[in-house]
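Chemist: Residue numbering for the sequence shown follows this note's numbering, beginning at 71 and increasing consecutively.
Please see the structure below; I have some questions.
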Amino acid sequence: MRPDKKVYIRSRRKNKYWMVPVLALCFAGILSFAVAWAWQSYQQSLQDPNASFVPNIPSSSSSSESSQEESSSVPEDSSSEPVEPTWVPEYGVPIPESARVDRSYFDDAAFVGDSLTTGLQLYDIAPNAAVYAQTGLSVFQVRTKEFVEMDDGSVVTIAEALRRTQPKKVYIMLGTNEAGQIELSSYVNSMSAFLDQIKEACPNSTIYLQTLFPVTKKRSESSLTTLTAIQEFNVELEKLAKEKELYLVDTYSTPGFTDEEGYLPDEASPVDGVHFGAAYYNKWIDYLRTHTVPEG
């Protein structure tokens, strides 16, 4: 081979190797340009709400904030919230303890009964309430006896007084004078007729039928008015309340009115074992204040 030809071959090889770094630099330049263009497009897409692609790789904190914002923007479903159960009064079932009402609750009430009920007026326990009661009043007299004095000077029956005044609430306690003294069936029949009369006289009133208070052990053992007789009458009153659709207040269970044996404590009624003083009338009215039905 000629020497000049060898030189030509070596020169061509040198030229070929020299192009490698040039091509590498060109490729690096193109790659840098592509990266720069992609980064610029990415930045523009973050500012452009209409961009077709926005990377969404939130951190854990931003993800939590996002979920909170989404949950707060969702309208609350009232059906998922716990609903307080509404107590529906049931006739003939003792009214359970309720929220305490103010004594003004009795300003538009009428109390009906015998000598026990007269004490509410005597001790000024419910000063604005009407008290239609009389000492010795029996269940046989109550429908026809005219003894209630009205503002116009007339004297009428309890039912007529209720018809004229239309109180919003009527509280009835009647039967202590009869307990153990008469046949239970006679009491039930007369009391049933009286309750019908009251309902007819004031159909829009809330009528509370109260159970009878206990008597002391001494009274129970020395007279016909025994604790057993009281309890038997109360059972019938419960039945009447259910039959006549009246609200039953178990005043027999008023705190402080029964001792460990179920009798009225001796200190409550040291004189006759039935009647009591102002302190126990306040216990009575306080019990009524926490045993009411919702006013409609």
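The beta carbon of each residue, even a glycine, is placed where N, CA and C say it ideally should be.
Only a predicted model underlies this, so the values are computations on that prediction, with no experimental measurement involved.
Between residue 267 and residue 321, is the Cβ-Cβ spacing less than 9 Å?
Modeler: no
Chemist: Over what stretch of residues does the beta strand (DSSP E) that includes residue 180 continue unbroken?
Modeler: Taken as a continuous stretch (DSSP letters only), the beta strand (DSSP E) holding residue 180 covers 179 to 183.
Chemist: Using 10 angstroms around the beta-carbon of residue 223, count the other beta-carbons present and answer buried if the total reaches 16, otherwise exposed.
Modeler: exposed
Chemist: Counting beta carbon pairs with one atom in the region 286 to 304 and one in the region 249 to 259, are three or more of them shorter than 8 Å?
Modeler: Touching, per the Cβ criterion.
Chemist: From the DSSP secondary-structure annotation, give me the bridge partner or partners of residue 277.
Modeler: 240
Chemist: Is the region 279 to 293 touching the region 218 to 234 in the sense that three or more CB pairs, one from each, lie closer than 8 Å?
Modeler: Contact between the region 218 to 234 and the region 279 to 293 is not established, with fewer than three Cβ pairs separated by less than 8 Å.
Chemist: Quick check for students: name the residue ranges of the beta strand (DSSP E) that lie wholly in the region 249 to 331, counting only runs of 3 or more.
Modeler: 276 to 280, 317 to 319
Chemist: In this structure, how does DSSP classify residue 219 when only helix, strand and coil are distinguished?
Modeler: strand
Chemist: Under 8 Å by Cβ, that's how I've got residue 362 and residue 161 pegged, so tell me the actual separation to the nearest angstrom.
Modeler: Not confirmed; about 15 Å, so no contact.
Chemist: Among all the DSSP beta bridges, which residues are the ones paired with residue 201?
Modeler: 181
Chemist: Is the Cβ-Cβ distance between residue 219 and residue 230 less than 9 Å?
Modeler: no
Chemist: From which residue to which residue does the alpha helix (DSSP H) around residue 235 run?
Modeler: 228 to 235
Chemist: Which same chain residues, not among the five before or five after residue 324, have their C-beta less than 8 Å away from its C-beta?
Modeler: 283, 353, 354, 357
Chemist: Could you tell me if residue 259 is buried or exposed, where buried requires 16 or more neighbouring beta carbons within 10 angstroms of its beta carbon?
Modeler: exposed
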